[in-house]
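Worksheet for the structure shown next.
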Amino acid sequence: MEFQPTKEQSDIINADLSPHCVIACPGSGKTATAVRRLLEIRTRLQDRRGYIALFSYSNIAVETFRCRYRELSGGLPAFADRVLIETADAFLASYILRPHGGRVMEASRAPFFVTGNEPFLRSARISDGAYPHDISELRIRFLPSRQFEFAVQPTGRAAIVVDSGEAKAAIKKVGKMGAYTYELARYWSLLTLAKEQRILKALAKRFPHLLVDEAQDIGPLHGLLISLLSNAGSIVSLVGDPNQGIYDFAGADGSFLREYAQKKGVTCFPLSENRRSVGTIVAASNALAATESTPYRAVCDRTHGAFYLQYDEDNIDALVTAFRAILEANKYTSAEAAVLCRSTSTVDKLKGSGHAVGQGATESFALSALARDRTRDIAASFAHATAGLIKLLATPESTLYRDILDASSAEDVKVLRRLLWGFVRSVANGLPDTQMPGKKKWHPQLKRHLALLLDEIEARTSYKRSPTWTNNLTVAKLGDEPLWKTDLAQVDEAVIRVDTVHQAKGEGIAAVLFVARTADLTKLLAGMHTEEGRIGYVAVTRAEDLLVIGVPNTAPKKMVNELEGRGVRAWLA
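Below, the structure is given as structure tokens:
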């Protein structure tokens, strides 16, 4: 269907070549607008040197932009190809860190990416005063005092500020190895630009215009880097929705977007027409976020709107069963529906893995088995198994994890890779079936099979098992139940997607069940000034036709009344 821009979209696409800030409501067609703005800028600049850059914050979004741009620019002169569409982190790695960062890092080799959980990084753990943390949990902020603040933040927990000297020592140790996490890539990129100003000037000249999609996801380090490029001469435009800033753990709370909108010399534009959701869902989301989006869509034939359904928190599967019945009764298919949860623990419970899966090497192999059996992700399964195996070896090289995954040609590594692939793929002689009871059957079988694997590794390579390898294969935190039970949200072939709200960000889904807790609803009803409130808003605004909010039956009556006052009605069977 031919793109018919609204007046708001036309104003943005055809605006002058100055800094802009676009505040876009959910479902407003910002992707279509941004990609056409990108082409418009490139066309106006004609054959001038330099590239127009567009950054987004997910690989899926980047691929979408690339495909749309190719479609629009086909048949245009060669200058139309001079654009760069990347994630912000990929840009930093490709244009700053890999070619130049090694000098500032004092790296012994070319910089390479790590998750931060690799065994060879254990010596770079950072203490919060009570417990050590992997460097994957390190968070870095740039304060108004122009100093860095360092904190550690385990998943699902608040950040804990740590000693800057200890944090810097750990960062330096990892940097000398050449390793970097996403957070460290931003940190080292900033230091590189600060120490080598010529690089900053060259980047601003090479990328005279910079568009940032999903700008509410700009964290403090990305924000500082974008500001440096802007000050060096790049013309920066941001597109986003501050009400969808749901990455507080990375410092991305929408504040950079809000502050940029107030900056002198920046022109602001709205995108306020919601093309995703039916009018009743738009009205409810407006009431929750105090926004004024307007619905574009006509109503659909099947039952639609914003509803709530009360449930027992000790029996969430009954809520999913009720949602399935609603779908079937109102002509929605399972494939066009999703169950969205605030926490991964709720997702795991609905997927049949809501209990502990061990610690140490046991946890790595359990995660490997779950990735293989539950999600059919053999690459993730192999990565987890690699991490587990390294924990059982005596003095493995610091780069062994990456060498195995990156297909190193070293003979010993090639043999290790082949043996481990065979182990991961074989249920009978390798990684046991996740349907087996954890402590009583799965773990003993894993231990026997690993002993045989280590025998073969020692016979065919120079690697040896650690003398205490069994100590790292403990049953601690491993449950009695099978690692994976039958999905509560799955019956035969009719599968309903179960995911976290974060994983569904940016999507439109025909029918949504948002499994909310009382605390989630309290924050949602209080507005968008907290991350929890914004997460609830993102869940609500994913729904195209049907929204059902699961409300605990222990929620106060006042809360239920307030929800109804915002346009969310009780579901009547």
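Under full-length UniProt numbering, the residues of the sequence shown are numbered 1 to 573, in order. Note that CB positions come from ideal geometry on N, CA and C, so glycine has one too.
Grab the span of the beta strand (DSSP E) containing residue 83 for me, first residue to last.
83-87
Minimum length 3: unbroken beta strand (DSSP E) runs contained in the region 292-353:
305-311, 337-341
Inter-residue Cα distance where the pair is residue 512 and residue 120
42 Å
Stretch-stretch touch, CB-based, cutoff 8 Å, three pairs: the region 464-482 with the region 381-398
yes
Apart from the five residues just before and just after residue 387, which ones in its own chain have a Cβ nearer than 6 Å to its Cβ?
364
Decide yes or no for the touch test of the region 444-463 against the region 412-420: beta carbon pairs closer than 8 Å, at least 3 of them.
yes
Span separating the alpha-carbon of residue 373 from that of residue 434:
7 Å
Taking DSSP as the reference, what is the three-state secondary structure of residue 490?
In this prediction, residue 490 scores a pLDDT of 47, lower than 50, which makes its location untrustworthy; the coordinate-derived value is nonetheless stated afterwards. Note: residue 490 maps to strand in three-state DSSP.
Which value, in whole angstroms, describes the spacing of the CA atoms of residue 171 and residue 366?
30 Å
Ignore the nearest five residues each way along the sequence and tell me which others in residue 347's own chain have a CB closer than 7 Å to its CB.
341, 498, 499, 500
Work out the CA separation of residue 559 and residue 522 for me, nearest whole Å.
8 Å
In chain order, what residues of the same chain have a beta carbon less than 7 Å from the beta carbon of residue 241, not counting five sequence neighbours either side?
23, 24, 25, 26, 216
Validate contact between the region 540-554 and the region 301-316 using beta carbons, cut 8 Å, 3 pairs:
yes
Take residue 537 and list the residues in its own chain whose beta-carbon comes closer than 8 Å to its own, dropping the five residues that flank it on each side.
243, 244, 285, 288, 289, 524, 528
Would the region 164-180 and the region 66-84 be scored as touching if the rule is three or more Cβ pairs under 8 Å?
no
To which residues of the same chain is residue 514 closer than 6 Å at the C-beta, ignoring the five residues directly before and after it?
340, 539, 549
Using beta carbons (cut-off 8 Å, strictly below), is residue 140 in contact with chain D?
Included in the structure is just one protein chain, with no chain D present.
Is the separation between the beta-carbon of residue 17 and that of residue 235 shorter than 8 Å?
yes
For a test of the three-state rule: what should DSSP assign to residue 268, helix, strand or coil?
strand
Specify the secondary structure class of residue 183 as computed by DSSP and reduced to three states.
helix
Output needed for residue 294: all residues of its chain with C-beta closer than 8 Å, excluding positions within five of it in sequence on either side, in chain order.
272, 273, 274, 282
Residue 143 - DSSP class collapsed to helix/strand/coil:
coil
Pop quiz: residue 385 and residue 423 are said to be a contact at Cβ under 8 Å. What is the actual Cβ separation, rounded to whole angstroms?
7 Å
Output the boundary residues of the beta strand (DSSP E) element that contains residue 109.
First-last for residue 109: undefined, no H or E at that position.
Residues sharing a beta bridge with residue 148, DSSP:
142
Thinking C-alpha only, which one of 278, 218, 192, 19 is nearest residue 58?
218
Rounded C-alpha distance that separates residue 579 from residue 133:
Because residue 579 is not part of the residues shown, which for the chain are 1 to 573, the question remains open.
Between residue 111 and residue 178, which are expected to be in contact by the criterion C-beta below 8 Å, what is the C-beta distance as a whole number of angstroms?
5 Å
Quick check on the DSSP output: the alpha helix (DSSP H) that includes residue 422 runs from which residue to which?
411-425
Measure the C-alpha to C-alpha separation of residue 210 and residue 15 and round it to an integer number of angstroms.
15 Å
Distance between residue 230 and residue 202 (C-alpha atoms, nearest Å)
13 Å
Less than 8 Å between the C-beta atoms of residue 377 and residue 369, yes or no?
no
Count Cβ pairs between the region 134-149 and the region 88-103 that sit closer than 8 Å; are there 3 or more?
no
Out of 3, 566, 12, 554, which one is the CA nearest neighbour of residue 270?
12
Measuring CA to CA, which of 555, 88, 505 is closest to residue 520?
555
Just checking my contact of residue 126 with residue 140 at CB under 8 Å: how many whole Å lie between their CB atoms?
With a Cβ gap of about 11 Å, residue 126 and residue 140 do not count as contacting.
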